[in-house]
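Using numbering that gives the first Met the number 0, you'd call the opening residue of the sequence shown number 0 and step up by one each time.
Think of the CB as a built atom: it goes at the ideal place given N, C-alpha and C, for glycine as much as any other residue.
Since the structure is predicted, the reported quantities are computational estimates derived from the model, not experimental observations.
Okay, structure first, notes after.
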Amino acid sequence: MNIIILFLSAFLSFSTATNPGTNVATEITVEANDRMQFDTKEISVKAGEKITLTLKHVGKLPKQAMGHNWVLLKEGVVVKDFAMEAMKAKDNDYLP
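Structure representation (structure tokens):
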């Protein structure tokens, strides 16, 4: 079973148009296909900014064959170390 884990840091750059101080959430959609590709490479928001994130699988393969996880890591987490631990965590949906 192929599982893709996409790790994005909270401090990558993606421009948004949310008005700070309102309760309106910025809507972000990330599409993933059967070729293990995501259409969004970076996402960045200001601390405290509300977002609604949708991960949309646009491929044809079923979840069991090509499921996707999306993980937001805290600043300072070493992505490579997290990925190595995630590969060992099949029983927890690849979340260590």
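- Buried or exposed (CB count within 10 angstroms, at least 16 for buried), A85: buried
- Between the Cα of M35 and the Cα atoms of L52, T51 and V57, which residue gives the shortest distance? V57
- Query: So L94 packs on V70, CB below 8 Å; how close in whole Å?
  - Reply: 7 Å
- For E48, which beta-bridge partners are listed by DSSP? The partner list for E48 (beta bridge, DSSP) is empty, contrary to what the question assumes.
- Task: List the endpoints of the continuous alpha helix (DSSP H) containing V70.
- Result: Taken as a continuous stretch (DSSP letters only), V70 belongs to no alpha helix (DSSP H), being part of the beta strand (DSSP E) at G66 to L72.
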